[in-house]
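Structure record follows, encoded as structure tokens.
There are 2 protein chains.
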Amino acid sequence: MTLGRFTPETTRLDDAARAGWLYYVAGNTQDEIARKLGVSRQSAQRLVSLAMSEKLVKVRIDHPIAACMDLSSGLIERFGLRFCEVVPSDPDAPDLLTGVAIAAATELEHRLKLPEPQIIALGTGRALKACVEQLPRMSCPQHRIVSLLGNMMADGSATPYNATIRMADRVGAQHYPYPLPVLARDCEELRLLQGQEAVRHTLELCGRADLTLVGIGQMGRSAPLYVDGFISDAEMDILEAAGATGEITSWIYDAQGLKIDTDFNSRVASAPLPEASERDVIAVAVGQVKVPAIRAALAGNLINGLVTNETTAILLLG
Amino acid sequence: MTLGRFTPETTRLDDAARAGWLYYVAGNTQDEIARKLGVSRQSAQRLVSLAMSEKLVKVRIDHPIAACMDLSSGLIERFGLRFCEVVPSDPDAPDLLTGVAIAAATELEHRLKLPEPQIIALGTGRALKACVEQLPRMSCPQHRIVSLLGNMMADGSATPYNATIRMADRVGAQHYPYPLPVLARDCEELRLLQGQEAVRHTLELCGRADLTLVGIGQMGRSAPLYVDGFISDAEMDILEAAGATGEITSWIYDAQGLKIDTDFNSRVASAPLPEASERDVIAVAVGQVKVPAIRAALAGNLINGLVTNETTAILLLG
DNA sequence: TTGCTGAGCGAACATTTGCCCATGCGTTAA
DNA sequence: TTAACGCATGGGCAAATGTTCGCTCAGCAA
Chain A
1 MTLGRFTPET TRLDDAARAG WLYYVAGNTQ DEIARKLGVS RQSAQRLVSL
51 AMSEKLVKVR IDHPIAACMD LSSGLIERFG LRFCEVVPSD PDAPDLLTGV
101 AIAAATELEH RLKLPEPQII ALGTGRALKA CVEQLPRMSC PQHRIVSLLG
151 NMMADGSATP YNATIRMADR VGAQHYPYPL PVLARDCEEL RLLQGQEAVR
201 HTLELCGRAD LTLVGIGQMG RSAPLYVDGF ISDAEMDILE AAGATGEITS
251 WIYDAQGLKI DTDFNSRVAS APLPEASERD VIAVAVGQVK VPAIRAALAG
301 NLINGLVTNE TTAILLLG
Chain B
319 MTLGRFTPET TRLDDAARAG WLYYVAGNTQ DEIARKLGVS RQSAQRLVSL
369 AMSEKLVKVR IDHPIAACMD LSSGLIERFG LRFCEVVPSD PDAPDLLTGV
419 AIAAATELEH RLKLPEPQII ALGTGRALKA CVEQLPRMSC PQHRIVSLLG
469 NMMADGSATP YNATIRMADR VGAQHYPYPL PVLARDCEEL RLLQGQEAVR
519 HTLELCGRAD LTLVGIGQMG RSAPLYVDGF ISDAEMDILE AAGATGEITS
569 WIYDAQGLKI DTDFNSRVAS APLPEASERD VIAVAVGQVK VPAIRAALAG
619 NLINGLVTNE TTAILLLG
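Protein chains in written order, with this note's numbering: chain A, 1 to 318; chain B, 319 to 636.
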């Protein structure tokens, strides 16, 4: 029974979903769909591809591919992980996020289906955003989604990689955005900001999250923190000289996975890195360029779960 | 690092899964997959279709419409329907007629656009009236609209739910109101009335209608027949004791969809229940309170098409 | 009214996919 | 040893799908 609004956009997406269903679920040809929906063949095609591009169509492969299983058990053993999922790589697109996003979303969905209330803490970044986009719509008012860090860029605008709001919207859970910018101006300001009641509450939630899902950032000129303007050229040089190897929720760590002692880290407003020994902390990360950062995070037990792909897994074990 | 078994079957399914992944997740063409897996294009195609036939590939559509399509194919299969349309429900107004009305009107419109002359027979009721109101104005002089029953209330006044006149007016078709009251005083009078030439002609039209569109009435104190004063308190008790479960064009049937043998049915002046095996007979019905009546109509093959909403469909399949 | 613009449509064309069939290779039974 | 059989393979073709391009039409400003 249709609700009040009959915007063209709504009906168009409805039709797209219908066409997608008829195509992918019912196995109709586009000609048949065209006939059933009373449109031309081309329009049916457009609807089907709209369903695709709007990500209404979710495909997953339900088979443990032996090579990936080997890699994941290798990673679990080598780094003492609780959870590890390795998905196939496309040799021509080894950094494609879709595969890991689907795998991580499947794990998330699994957690969300639990009747017991869960606290799920999220970082930011392309990888997490891709994960959240793979989540189906559901209704989980018993859970809480909390952000581990703010998403304000240097100029005051918001980064487009905020996963929390989108996820809470999709799964119908209560959510807690992180009420601070990514970086404070200095330690003094940071202490001031963290004194706020709302901040303390959010931090407390982050601390007892049942599942923490984060991305991993590399250093260098391709670093997310550099690209998004949180780290200047000069500062990046200093950081790399100090051994900076990777970053999780903006906390920069060295090759041993230890938080390095720099001005930058002293201004990071994010929630503290979670204690990965007690809670589930799963990272989603893919790509050759991230390998040192991932390896360091594994070495330092910053995480105890990993979702990655075949090529990255091979490099991590190599 | 090897797993236990490496039967040809296992590796073949592995390859199928990989091919399916490259195809559906990474979006490669079968040529690319062939190159990447080092097999011929045809073999790649076989792997992809194997992944499909082995159901390694799970597709789902993430849109409310998808749930409706699942429900409608469920209803078609369970009850052997020719036609079924399930529209989304508004959780806050599960009995709202607008949605089903639009859906049924769309189907009607589809029929009306046929160049071949159609006979369309209509029942009465709120649902049908709502359908007709959703019809656009058009000009279809080639078709004929005929009423399946009268709309005279006990006191001689007309019920407000007459759909035929309004529809004929909207679509510019010839129309045939039903020239009798809903109920005769007794069998004798009924026989007399049905002897009239006009009545016989109308009945004949009803009998060969290409499409029959009806509502479904529940029993009990909320029954349309009770509310509109066609059934008294005492009679309703008798009917329910006799197993009355629902009603289509005033013909009352039991839980198996069989017309029950009572005084009431012997006085019903409506056209006979259509032979749903030969013609299209579509019911429009929504609401928890109507579920037993709809289920009985489906069980007894009184109808072979259904337009309903999500919540009702779930109850019917539950 | 006229002209502009952008969305949507469908014809035509290019690409991809699905399927049948002839071929060849290995295996088995006579 | 050889004929027969099973079966994976790739050629080739028809169907299905994706894309481009020019057209129309509604909406809108001059």
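No residue lacks a Cβ here, since even glycine has one placed at the ideal position from N, Cα and C.
Less than 9 Å between CB atoms is the rule here; does residue i satisfy it with respect to chain A?
i	result
Ala631 (chain B)	no
Phe324 (chain B)	Because the pLDDT of Phe324 (chain B) is 43, which lies under 50, any placement of that residue in the model is unreliable, and the number read from its coordinates should be weighed accordingly. With 9 Å as the cut-off, Phe324 (chain B) counts as an interface residue toward chain A.
Gly623 (chain B)	no
Leu374 (chain B)	yes
Asn480 (chain B)	no
His428 (chain B)	yes
Met387 (chain B)	yes
Lys608 (chain B)	no
Ser391 (chain B)	yes
Lys447 (chain B)	no
Glu507 (chain B)	no
Glu596 (chain B)	no
Glu593 (chain B)	no
Counting contacts by CB-CB distance shorter than 9 Å, is residue i in contact with chain B?
i	result
Thr2 (chain A)	Residue placement at Thr2 (chain A) is poorly supported in this model, since its pLDDT is 34, which falls under 50; the coordinates still yield a value, given next. Thr2 (chain A) counts as touching chain B.
Leu13 (chain A)	yes
Asp92 (chain A)	yes
Ala66 (chain A)	yes
Ile322 (chain A)	Given that chain A is displayed from residue 1 to residue 318, the structure contains no residue 322 (chain A) and the question cannot be resolved.
Pro136 (chain A)	yes
Pro88 (chain A)	yes
How should residue i be labelled, buried or exposed, when 16 other C-beta atoms within 10 angstroms of its C-beta is the threshold for buried?
i	result
Ala352 (chain B)	buried
Glu310 (chain A)	buried
Ile303 (chain A)	buried
Thr7 (chain A)	Because Thr7 (chain A) sits at a pLDDT of 45, beneath the cut-off of 50, its placement in the model cannot be relied upon, and the following sentence gives the value as read from the coordinates. So Thr7 (chain A) counts as exposed.
Cys505 (chain B)	exposed
Leu340 (chain B)	buried
Arg488 (chain B)	buried
Ser270 (chain A)	buried
Met456 (chain B)	exposed
Arg396 (chain B)	exposed
Ala476 (chain B)	exposed
Gln452 (chain B)	buried
His143 (chain A)	buried
Gly345 (chain B)	exposed
Pro590 (chain B)	exposed
Val227 (chain A)	exposed
Ala19 (chain A)	buried
Asp333 (chain B)	buried
Leu13 (chain A)	buried
His63 (chain A)	buried
Could you name the residues of chain A that residue i contacts, counting a contact when the two beta carbons are closer than 7 Å?
i	result
Gly468 (chain B)	Going along chain A, no residue has its Cβ under 7 Å from Gly468 (chain B), so there is no contact; the nearest lies around 30 Å.
Under 8 Å Cβ to Cβ from residue i, same chain only, skipping five residues before and after it: list those, please.
i	result
Val464 (chain B)	Ile437, Ile438, Ala439, Leu440, Thr482, His493, Tyr494, Tyr496, Thr520, Leu523, Cys524, Ala527
Ile612 (chain B)	Ile534, Gly564, Ala601, Ala603, Leu624, Thr626, Thr630, Leu634
Val199 (chain A)	Pro179, Leu180, Leu193
Glu350 (chain B)	Leu340
Arg5 (chain A)	Unreliable placement is indicated for Arg5 (chain A), whose pLDDT of 36 sits below 50; the coordinate value is still reported in the next sentence. No residues qualify anywhere along the chain.
Ser540 (chain B)	Val607
Which residues of chain B have a Cβ atom closer than 7 Å to the Cβ of residue i, listed in chain order?
i	result
Trp251 (chain A)	Those do not exist, as Trp251 (chain A) stays about 32 Å from chain B at its closest Cβ, beyond 7 Å.
Taking C-beta pairs closer than 8 Å, name the residues in chain B that residue i reaches, listed in chain order.
i	result
Ile61 (chain A)	Ala335, Gly338, Trp339, Tyr342, Val343, Ala369, Leu374, Val375, Lys376
Ile102 (chain A)	Val343
Gly38 (chain A)	His428
Looking only at its chain, what residues have a beta carbon closer than 7 Å to the beta carbon of residue i, apart from the 5 residues adjacent to it on each side?
i	result
Val268 (chain A)	Leu183, Ser250, Trp251
Tyr24 (chain A)	Val57
Ala244 (chain A)	Met219, Ile252, Asp254, Ile260
Met152 (chain A)	Ala158, Pro181, Val182
Met319 (chain B)	Per-residue confidence for Met319 (chain B) stands at a pLDDT of 36, beneath the threshold of 50, marking its modelled position as unreliable; the derived number appears in the next sentence. So the list is empty, once near-sequence residues are dropped.
Cys140 (chain A)	Leu112, Val171, Gly172, Ala173
Asp399 (chain B)	The amino acid occupying residue 399 (chain B) in the given sequence is Leu; Asp does not appear at that position. Correct list, in chain order: Leu393, Asn622, Gly623, Leu624.
Ignore the nearest five residues each way along the sequence and tell me which others in residue i's own chain have a CB closer than 6 Å to its CB.
i	result
Ala422 (chain B)	Cys449, Val602, Val625
Gly257 (chain A)	Ala296, Ala297, Ala299, Gly300, Leu302
Under 9 Å Cβ-Cβ, which residues of chain B neighbour residue i?
i	result
Thr98 (chain A)	Val343, Ala344, Gly345
For the segment 291-305 of chain A and the segment 58-74 of chain A, state whether three or more C-beta atom pairs, one from each stretch, are separated by less than 8 Å.
-> no
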